[in-house]
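Chains A and B, in that order, are what the protein sequence lines are.
In case it helps, the numbering used here puts the first sequence at residues 1 to 478.
In case it helps, the numbering used here puts the second sequence at residues 1 to 488.
Beta carbons are placed, not taken as given, at the ideal position from N, Cα and C, and that holds for glycine.
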Amino acid sequence: MNWETVIGLEIHAQLATRSKIFSGSATAYGAEPNTQANLVDLGYPGVLPVLNGEAVRMAIRFAVATGSKISRRSIFARKNYFYPDLPKGYQISQYERPVVENGSLEIVLEDGTRKTIGITRAHLEEDAGKSLHEDFHGLSGIDLNRAGTPLLEIVSEPDMRSAKEAIAYLKKIHTLVRYLEICDGNMQEGSFRCDANVSVRPVGQAEFGTRAEIKNVNSFRFVERAINYEVERQIELLEGGGKVKQETRLYDADKGETRSMRSKEEANDYRYFPDPDLLPLVIDEATIEQVRATMPELPDEKAARFVRDHGLSEYDAGVLTSSRELAGYYETVVRKLGGHAKLAANWVMGDLSGALNKDALDIGQSRVSADAFAGLLARIQDNTISGKIAKEVFEAMWSDGKGADEIIEAKGLRQITDTSAIESAIDDVMAKNPGQLADYRSGKDKLFGFFVGQVMKATGGKANPAQLNDLLKRKLAG
Amino acid sequence: MHTLTVSELAAGLRARKFSSLDLTLHFLGRIERLGPELNAFVTVTADRALTDARAADEALAKGEGGPLTGVPVAHKDIFCTDGIRTTCSSKMLSSFVAPYDATVVSRWRAAGTVLLGKTNMDEFAMGSSNETSFFGPVRNPWDHKRVPGGSSGGSAAAVAACIAPAATGTDTGGSIRQPAALTNLTGIKPTYGRVSRYGMIAFASSLDQAGVLARSAEDAALLLEAMSGFDPNDSTSVDRPVPNYAAELNQPLKGLRVGIIREFFGEGLDPAVEKCVRAAIGLLQQEGAVIKDVSLPSLPLSVPTYYVVAPAECSSNLSRFDGVRFGHRCEQPKDLLDLYQRSRGEGFGAEVKRRIMTGTYVLSAGYYDAYYLQAQKCRALIASDFARAFNDVDVVLSPTAPTAAFELGAKTSDPIAMYLNDIYSIAANLAGLPGISIPCGFVNEGGKDLPVGLQLVGPHFGESRLLSVSHQYQRHTDWHKRIAPGYA
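Here is the structure:
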């Protein structure tokens with residue numbers, strides 16, 4: 001039988017507010033345990049939550065960016081369950097009336113096809129603390145620094161049909177929240193987390209199969225693996241005459257498998273009800289307008305502009321806009337260079353990205369600034385160096401942080417554009433290699449490369465390649 | 001000195017007739033002598049009181065200080081007090097010391113009051129007789145065999161016995177007004193949102209409201225003003241100016257439209273209580289008030305509605321008492337579940353458990369719509385009944401409670417009978433309206449005079465009117481001036 005995969009994602013994006021969603025405590029990651037938890041975060045008797053307006057504005061930014069409906073009146077509800085890292089015994093979340101509803105965004109797959117993924121809702125809620133089970137022989141430690149950190153939970157429609165689509169969507173949201181500066185997107189620190197609802201059904205069947213929810217998978221790669229594993233597990237189960245159970249499963253990255261965490265029957269009854277400590281969240285037109293007025297250029301808009309104004313391909317534009325910082329870097333280079341977008345794009349996506357990947361750095365941590373990088377490209381543009389020499393210069397810039405001109409001068413890499421100098425080098429080579437010259441002239445055209453190499457070698461690679469080509473052709477022809 | 005009202009005490013202090021230290025020592029002496037038989041206090045803060053008093057005297061000597069500087073008061077033990085234990089009269093919090101002051105506490109402190117101590121109450125404010133306290137029942141100064149009402153029973157007994165000039169209370173379903181009625185006090189529960197709930201340990205967040213137990217409407221006006229107003233720490237507090245209640249006490253009764261709530265003069269009302277209330281209505285009429293019959297047909301839904309909403313909220317509010325961070329923790333927990341079960345099982349009393357279970361049930365999947373949602377609809381009906389009534393009348397009037405104080409133990413085995421004691425007071429909480437109970441006579445039972453209270457409820461933020469009507473009534477009557485035998 002042929003099976004179709006159905007995937008929906010629930011993404012938890014930690015909002016980049018300075019203070020918590022209902023208290024004035026700081027939200028910075030990595031502080032000493034329990035040093036960023038005040039009485040409200042600890043759920044002390046008598047304390048009350050007060051909503052952080054910045055978190056609301058961030059949710060509105062997300063809504064505007066995804067064409068979602070902003071609820072003029074949304075409700076905070078209590079999700080009741082007992083756990084030691086949940087200080088109040090309930091999580092303040094939004095249930096029946098979320099702040100954001102009915103949006104969508106478009107993903108582009110590797111083969112260039114486009115697909116629209118629906119966003120069912122996005123709601124504001126507070127994060128819980130952390131239970132630490134290592135280091136406390138037989139006991140658990142509780143760190144409440146994270147308790148009360150604002151989250152935007154973004155729930156998609158079950159619109160994705162493969163792990164690849166799910167990853168494309170996840171990456172798109174990841175890019176978007178960073179463009180919007182509402183989430184730092186750091187998956188290792190848990191600022192951007194994803195649960196995947198996965199089911200399969202026979203191709204052509206209208207109703208969905210029973211789904212399993214895979215919890216908290218913390219990298220793009222793991223999300224893809226977890227989904228693929230789960231799809232195979234379900235298909236195998238169904239083809240073997242079994243049934244998929246509705247359950248929550250945990251992805252074990254070490255073993256590369258998902259395993260059951262709790263079944264539907266074991267699921268908590270969260271006893272949601274509106275939180276009487278918080279008034280309904282009312283958002284007026286003025287607030288929305290204010291947010292709209294300060295929206296940054298979004299990735300899709302930026303990519304379209306790169307295609308239109310810079311003449312880049314859609315693919316290149318997509319790559320360069322995958323993060324706001326990368327796009328910013330590229331644009332600075334183009335500005336400093338006074339155009340030559342294609343050259344800038346090739347170099348940013350090529351040598352620069354390669355160097356960043358090799359050293360596992362973000363664009364923000366690049367060892368070569370956009371200004372310096374433009375300085376290098378300017379020397380290619382004005383024929384001071386060839387593209388090949390430029391690679392060498394770039395490597396030197398990357399490793400010792402000096403400017404392109406300094407390196408070119410110090411290493412004497414300036415390109416030879418003096419025709420007579422190149423001609424004399426050619427004459428030399430021809431004189432030293434009479435055999436090859438004879439062969440070439442008798443029709444072995446392939447030896448042309450040999451001569452180019454020899455002249456380049458003789459000039460230390462500095463001969464202007466185009467000039468060399470022309471002169472060599474003429475001389476060899478006799 | 002102890003029979004003087006707060007306004008008289010404040011005037012005496014300002015005139016330097018006596019010092020705050022004298023006054024405080026006098027009340028501390030009375031607490032020591034008379035407190036134990038009433039069991040009105042959970043914690044007496046003598047050292048703190050003396051420190052406060054000395055500071056007040058210094059301020060007064062410099063000609064500084066406000067209308068309450070140097071006046072001793074007590075706080076219901078539901079308000080968090082920095083460095084002084086706050087128990088909610090529960091084993092769960094019997095050694096809990098909050099690291100901060102409730103807004104009500106800090107506001108009264110800023111007004112110059114002297115803290116005598118923390119008063120006994122029903123556990124987590126759940127009760128109508130003060131019998132659910134972990135620290136034992138409070139006795140009514142008018143008859144020690146009887147209850148003072150609840151849940152603010154300790155505050156009521158303390159003020160009624162003149163061992164504290166005034167005290168705070170909280171009112172979720174009548175917990176200020178019913179004890180006021182049963183102990184001959186003036187007790188006001190303001191509009192929901194008038195007074196900050198920050199630092200007041202939550203029972204039912206959408207109903208809880210702090211207020212005052214005092215011996216006159218004038219005192220209640222002074223004290224309420226000092227605790228009211230917007231608080232950025234409480235999102236449900238309302239940003240609206242606080243009137244000078246004391247300055248507005250002389251609004252005339254003439255022309256005042258008083259609605260008599262038909263549904264609250266029916267079955268279950270003790271005829272002797274009704275007689276007192278009817279007499280009071282007669283007096284108001286005589287003074288020029290226009291008496292109108294009003295019907296609020298949804299009011300019979302109040303008690304069942306309340307006993308869905310309040311337990312639902314309480315079941316969630318009390319989840320934080322899990323033995324993990326503060327409060328009672330069982331000995332040697334085997335595992336997490338054991339820690340929860342025994343800490344909570346040991347820490348909470350029977351009534352609190354009953355309400356947590358009821359609340360958990362009504363919020364459960366499959367029951368939520370039938371109970372919680374239905375109750376919210378009833379709540380809206382009750383609120384709209386009141387809104388309609390206030391188109392025609394300025395205040396509505398009824399008895400505060402169906403009977404005078406009942407005997408200790410009389411209703412402890414029958415929760416429904418106990419709940420019905422709040423039948424007239426609960427609706428104001430459900431609608432978020434201000435209500436006041438004032439003394440309006442006595443009934444004689446078993447040879448003892450027992451006080452009777454009448455209740456006035458006004459529209460949202462109608463405290464000023466309630467206080468002025470009460471004050472005008474008190475100008476024409478002496479009921480509120482009577483003090484329980486042995487305590488004058």
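Could you spell out where the alpha helix (DSSP H) holding residue i opens and where it closes?
i, result
"E234 of chain A", "According to the sequence displayed, residue 234 of chain A carries Gln and not Glu. Counting along the chain, the alpha helix (DSSP H) containing Q234 of chain A begins and ends at 220-239."
"F442 of chain B", "Taken as a continuous stretch (DSSP letters only), F442 of chain B belongs to no alpha helix (DSSP H), being part of the beta strand (DSSP E) at 435-445."
"V307 of chain A", "299-310"
"I31 of chain B", "20-38"
"G53 of chain A", "53-65"
"L363 of chain B", "350-363"
"N205 of chain A", "A small fix is needed here, since residue 205 of chain A is Gln in this sequence, not Asn. Note, Q205 of chain A: premise wrong, no alpha helix (DSSP H); not H, not E."
Taking residue i as the query, report the chain B residues whose CB atoms sit under 8 Å from its CB, ordered along the chain.
i, result
"L139 of chain A", "Ordered by position in chain B, no residue passes the 8 Å Cβ test against L139 of chain A, which lies about 11 Å from the chain."
"R97 of chain A", "The premise fails here: R97 of chain A is roughly 14 Å from chain B at the closest Cβ pair, so nothing lies under 8 Å."
Can you pull the chain B residues whose beta carbon is under 9 Å from the beta carbon of residue i, in chain order?
i, result
"P33 of chain A", "Per Cβ cutoff of 9 Å: no residues; P33 of chain A is ~14 Å from chain B at best."
"K88 of chain A", "S316, N317, S319, R320"
"D127 of chain A", "Near D127 of chain A there are no residues of chain B at all, since even the closest Cβ is about 17 Å away, more than 9 Å."
Between the alpha carbons of residue i and residue j, how many angstroms are there, rounded?
i, j, result
"G169 of chain B", "D293 of chain B", "31 Å"
"V176 of chain A", "R324 of chain A", "The question names Val, but residue 176 of chain A is Leu in the sequence shown. Going by the C-alpha atoms only, they are around 9 Å apart."
"E207 of chain A", "N197 of chain A", "15 Å"
"A404 of chain A", "D445 of chain A", "37 Å"
"D392 of chain B", "L28 of chain B", "48 Å"
"Y473 of chain B", "L284 of chain B", "7 Å"
"H328 of chain B", "R344 of chain B", "8 Å"
"A389 of chain B", "L269 of chain B", "22 Å"
"S95 of chain B", "G83 of chain B", "11 Å"
"I422 of chain A", "G460 of chain A", "12 Å"
"L9 of chain B", "V71 of chain B", "7 Å"
"T81 of chain B", "M121 of chain B", "16 Å"
"L408 of chain B", "S129 of chain B", "8 Å"
"V50 of chain A", "F22 of chain A", "5 Å"
"K171 of chain A", "F220 of chain A", "8 Å"
"G349 of chain B", "T358 of chain B", "14 Å"
Please list, in chain order, the chain A residues whose beta carbon lies closer than 7 Å to that of residue i.
i, result
"N184 of chain B", "What N184 of chain B touches in chain A: nothing, since even the nearest Cβ is about 30 Å away."
"P297 of chain B", "Chain A residues near P297 of chain B: none, gap ~26 Å exceeds 7 Å."
What would DSSP say about residue i, mapped onto helix, strand or coil?
i, result
"E110 of chain A", "coil"
"T305 of chain B", "helix"
"E101 of chain A", "strand"
"K115 of chain A", "strand"
"W3 of chain A", "strand"
"D449 of chain B", "strand"
"N233 of chain B", "coil"
"Y95 of chain A", "coil"
"K145 of chain B", "coil"
"Q332 of chain B", "coil"
"E395 of chain A", "helix"
"N140 of chain B", "strand"
Run down chain A in chain order and give the residues with a C-beta less than 8 Å from the C-beta of residue i.
i, result
"P232 of chain B", "V50"
"R342 of chain B", "Simply none; closest approach about 14 Å."
Along the chain, where does the beta strand (DSSP E) containing residue i start, and where does it finish?
i, result
"N216 of chain A", "212-217"
"M261 of chain A", "257-263"
"P202 of chain A", "192-202"
"I154 of chain A", "150-156"
Listing by chain order, which chain A residues have their CB less than 9 Å from the CB of residue i?
i, result
"I201 of chain B", "P45, G46"
"L336 of chain B", "F82, Y83, P84, S140"
Using CA atoms only, rank isn't needed, just tell me which of the options is closest to residue i.
i, options, result
"M126 of chain B", "B:R257, B:V457, B:E351, B:V452", "B:E351"
"V455 of chain A", "A:R97, A:D135, A:L476", "A:L476"
"R211 of chain A", "A:G138, A:L312, A:K245", "A:K245"
"L68 of chain B", "B:K275, B:R107, B:P252, B:E37", "B:R107"
"F273 of chain A", "B:D335, B:A204, B:R344", "B:A204"
"E106 of chain A", "A:A122, A:H123, A:Y169, A:S131", "A:Y169"
"E346 of chain B", "B:D335, B:R355, B:I356, B:C330", "B:C330"
Which residues of chain B have a Cβ atom closer than 7 Å to the Cβ of residue i, listed in chain order?
i, result
"D277 of chain A", "S205, S235, T236"
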